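Colleague: According to the numbering used here, the sequence shown is numbered sequentially starting from 229.
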Amino acid sequence: MTHSAIEMTIEPRRRDLGGFTVGRVLPYARRRMVGPFIFFDEMGPAEFAPGTGIDVRPHPHIGLATVTYLFDGEIRHRDSLGFDAIIRPGDVNWMTAGRGIVHSERTDDPKRRSGQRLHGVQSWVALPDDALETEPSFHHHPRETLPVLRRNGAELRLIAGTAFGAASPVRTCSPMFYLGVEAAPGAEIPLP
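#1: Whose C-alpha, out of I387, H367, A412, is nearest the C-alpha of G318?
#2: Out of F276, V330, R316, state which residue places its alpha-carbon closest to the alpha-carbon of P364.
#3: L374 and F392 - do their beta-carbons sit closer together than 7 Å?
#4: Got a sec, what are the start and stop residues for the alpha helix (DSSP H) R341 sits in?
#5: Shortest alpha-carbon distance to T335 belongs to which of F299, N380, H369, D283?
#6: So, is T237 buried or exposed, given that buried needs 16 or more other C-beta atoms within 10 angstroms?
#7: Considering only C-alpha positions, which residue in the set V353, H368, P420, M261 is nearest to L298?
#8: Let me know the secondary structure DSSP gives A359 once reduced to three states.
#9: Nearest-angstrom Cα distance between P286 and S308?
#10: What is the residue span of the beta strand (DSSP E) that S396 lies within?
#11: With a threshold of 6 Å on Cβ separation, who are the neighbours of A411 within its own chain once the five nearest residues in sequence on each side are excluded?
#12: Would you identify the three-state DSSP class for R371, choosing helix, strand or coil?
#13: When you compare the segment 269-280 with the segment 341-351, are there three or more beta-carbon pairs, one atom per stretch, that lie closer than 8 Å?
#14: What does DSSP give as the partner residues of F311 in its beta bridges?
#15: What residue from A293, A277, G301 has the CA that sits closest to D357's CA?
#16: Which partner residues does P288 have in the DSSP bridge list?
#17: Nearest to G301 by alpha carbon, out of G343, T324, M261, L355?
#18: Quick check on this structure: which residue in N380, P403, V398 has the alpha carbon closest to the alpha carbon of P413?
#19: Under 7 Å between the Cβ atoms of R304 and I314?
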């Protein structure tokens, strides 16, 4: 007898944000969240011609954490704590808003001049009740610091949490696992 743990499949709802599309998976009418994840957006893939890029102007967040992970391209993060970081493919930016933070995400000048392909994921993680008013923080984790695992011919990068006996250096406020998976079509990877 086989048992499938897949309860439903959610197709991303695509929206054009002026130059690139975002595919939103969460929230969904029949599934508001998965574990602590309350938003899950795929950015692109998009090709930006020289002289163009993304310009997400300064905006606030409270009571959650945002996680940015790129497959292609670069984004410059700036925030009200004074952090200024370039995120590249395989890196993780984890921003805990807590009692409040303001940040922007833009194409940095060198990539704006040359043009770039941009593709990535941004997710929002609900903070537990006892962490809602925590001090805001920002942590950038280069790809080299993240564990890489191999299972059934697939490469799994442990973005956050613990899985398969490994732990990511990304600090979270609740138990979870968040994996970046590169697998051949039809590959099966049992979840921990």
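Using N, Cα and C, we set each Cβ at its ideal position, and we do this for glycine too. Please read all numbers here as calculations on a predicted model, not as lab measurements.
Modeller: In short, the structure shows the following:
#1: Of the candidates I387, H367, A412, I387 places its Cα closest to the Cα of G318.
#2: Selected option, being the one with the closest Cα: V330.
#3: Between F392 and L374, the gap from beta carbon to beta carbon reaches 7 Å or more.
#4: Start and end: 337-342.
#5: Answer by Cα proximity: D283.
#6: Classified as exposed, T237 has fewer than 16 neighbouring CB atoms from the shown chains inside 10 Å of its CB.
#7: The residue with the shortest Cα to Cα distance from L298 is H368.
#8: DSSP, read as helix, strand or coil, puts A359 in helix.
#9: Cα atoms of P286 and S308: separation of roughly 9 Å, rounded to the nearest angstrom.
#10: Counting along the chain, S396 falls outside any beta strand (DSSP E), and DSSP gives it neither H nor E.
#11: Once the five neighbours on either side are set aside, the close Cβ partners of A411 are A382.
#12: Helix at R371.
#13: Cβ pair count under 8 Å is three or more, so yes.
#14: None; F311 has no bridge partner.
#15: With distances taken between CA atoms, D357 lies nearest to A293 out of A293, A277, G301.
#16: In DSSP, P288 forms a bridge with V330.
#17: Comparing Cα positions, the closest option is G343.
#18: When each option's Cα is compared against that of P413, the closest is N380.
#19: Cβ atoms of R304 and I314: closer than 7 Å.
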